[in-house]
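Student: To start, I am sharing the structure in question, which I have written as structure tokens.
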Amino acid sequence: MNRRAALSAQDGQVLPRRDRFAGVCAVVVASGLIRLLPLRRVRAVVSRMKARAARRPPTPEEAQRAWAAAQRPSVVFFGRPGCMELSLAMVLLCLFRRTDATWCMGVAMRPFEAHAWVEVEGRPVNEVTDVTARFRKVLTA
Numbered sequence: 011m012n013r014r015a016a017l018s019a020q021d022g023q024v025l026p027r028r029d030r031f032a033g034v035c036a037v038v039v040a041s042g043l044i045r046l047l048p049l050r051r052v053r054a055v056v057s058r059m060k061a062r063a064a065r066r067p068p069t070p071e072e073a074q075r076a077w078a079a080a081q082r083p084s085v086v087f088f089g090r091p092g093c094m095e096l097s098l099a100m101v102l103l104c105l106f107r108r109t110d111a112t113w114c115m116g117v118a119m120r121p122f123e124a125h126a127w128v129e130v131e132g133r134p135v136n137e138v139t140d141v142t143a144r145f146r147k148v149l150t151a
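Offset between the sequence shown (1-based) and the working numbering: plus 10.
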């Protein structure tokens, strides 16, 4: 595998170095917030940041770029981040760019499952399944 292929996002797009760096920083910050603070405090931090920073919803291209930047570090990140960390990282990346994305968490019963995802204008970003039909939202920020 050549260097260029190793740096590409999952959709084949090559991420600029600043996006890769921002993605790593966002995953580290998101992981730290989730590990160090109770979930209600993490939600409060995100809500406060949204009130101060969010100006408009991201375009589909901006949302895709933030998603790719948040996903990229998961390939090499120590302790492999899960959906909670990666979705929070994507929301943080959007907020750093002054765009508004919603961090969502939901649960499904029988069998019990929990999942976190990101929505832009009420639509899930890059979800394989229809999370709004499968999971009942229990938290948004």
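Even glycine gets a Cβ: it sits at the ideal position worked out from N, Cα and C. Quantities reported herein were computed from a predicted structural model and do not represent experimental measurements.
Suppose you measure from the CA of residue 104 to the CA of residue 127; what does that come to, to the nearest Å?
Tutor: Those two C-alpha atoms are separated by around 14 Å.
Student: Would DSSP call residue 51 helix, strand or coil?
Tutor: DSSP places residue 51 in helix when its eight states are reduced to three.
Student: Using the three-state DSSP reduction, which class does residue 138 fall into: helix, strand or coil?
Tutor: In the structure shown, residue 138 sits in coil (DSSP, three-state: anything other than H, G, I, E or B).
Student: Consult DSSP for residue 124 and reduce its assignment to one of helix, strand or coil.
Tutor: Strand at residue 124.
Student: Would you say residue 44 touches the ligand ATP, meaning its beta carbon is less than 7 Å from a heavy atom?
Tutor: Of ligands this structure carries none, so the ligand ATP is not represented either.
Student: Kindly indicate if chain D contains any beta-carbon less than 8 Å away from that of residue 145.
Tutor: In the displayed structure, chain D is absent; only one protein chain is listed.
Student: Could you check which residue in 69, 144, 56, 57 has the C-alpha nearest to that of residue 123?
Tutor: Per the Cα distances, 144.
Student: Which residues in the same chain as residue 32 place their Cβ atom closer than 8 Å to its Cβ, once the five residues preceding and following it in sequence are excluded?
Tutor: So the list reads 79, 103, 106, once near-sequence residues are dropped.
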